[in-house]
Each structure stands twice: as structure tokens, then as C-alpha cells.
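Counting from -2, one number per residue, gives the positions in the sequence shown under our numbering.
These notes are about the structure you will find just below.
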Amino acid sequence: VQLQASGGGLVQAGVSLRLSCGASGIVFRRYNMGWYRQAPGKQRELVATISGDGTTEYAESVLGRFTISRDNAKNTMYLQMNSLKPEDTAVYYCNAQYRAYDLWGQGTLVTVSS
């Protein structure tokens, strides 16, 4: 079982970035998926979630700028991040939840410079 996050990097404020989370070893379509982030010195926080049927929820801080999506055929979840701000700088983690299972990926670093 593995969640592999990718797509992070160093970007300037205002640009876009897309993160991907590939899953293996699970029945992907059954899992509620989510993106979380942890900024330096802060607790991990929820960014966005997407259920198996595509229902989405967002943190207020990213609403209107970020879009979460999934491709069940590719066992992959995405996070399209537009209009990035310095305060979006964090390690972004993908998460998969189904019944008692709560899986985490290794994280990908997003750094937004002003």
C-alpha cells in the first residue's frame, strides 16, 4: 500500500502548480481522499477532500483558488493550485480514508516566494 505525492516545487506568488497523488495497493474508488498541509512551525491542516463519488470540500483559505479532483481509472488524485500565495508554503500530504484505514503519503514541498 502506497501513496506517492508529487508536483511540489519553488514558485513565485501568483502562479499555478498541480500536485498529484498516486495510490497503489488499494481499491482507490472506495477511499475518501484528501490533501493536507503543514507549514513550518504549524500543525497539519486540511486543505481539501474528495469522496469516492466526487463530493468536494475545501478549507476557507483555499476556496476559489484550489481545485481537488480524482481519476479513479488512474488511481490518482490531484490538487490544482492557482494564485498561490506565500502563506501556501508547506509540505503537502495526501491522505486516503476508508473505514478503519487511514493512509498517508510522504509529502511534497511547496514553497511560494513573494
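Positions of the beta carbon are idealized from the N, C-alpha and C atoms, including for glycine.
This structure is a prediction, so every number in the text was calculated from the model and none was measured.
Three CB pairs or more closer than 8 angstroms across the region 102 to 111 and the region 58 to 70: no
Following the continuous beta strand (DSSP E) through aspartate 68, name the residue where it begins and the one where it ends. 63 to 68
Classify aspartate 50 as helix, strand or coil using the three-state DSSP reduction. coil
Per DSSP, which residues does tyrosine 28 bridge with? Please list them. According to DSSP, tyrosine 28 bridges with nothing at all.
Taking 8 angstroms as the cut-off, decide whether the C-beta atoms of tyrosine 90 and arginine 27 are in contact. no
DSSP state of glutamate 57 mapped onto helix, strand, coil: coil
Between asparagine 69 and the rest of its own chain, which residues show a CB-CB distance below 7 angstroms, the 5 nearest in sequence each way excluded? Phe25, Arg26
Opposing strand residues paired with glutamate 84 [DSSP bridges]: Partner(s): none; glutamate 84 has no beta bridge.
Around the C-beta of tryptophan 32, are 16 or more other C-beta atoms found within 10 angstroms, so that it is buried, or is it exposed? buried
The beta strand (DSSP E) that contains arginine 15, what's its start and end? 14 to 21
Have a look at Asp50, Gly104, Arg15, Asp99 and flag the residue whose alpha-carbon is nearest the alpha-carbon of alanine 87. Gly104
Quick one: using the 10 Å Cβ neighbour count with 16 as the cut-off for buried, is tyrosine 75 buried or exposed? buried
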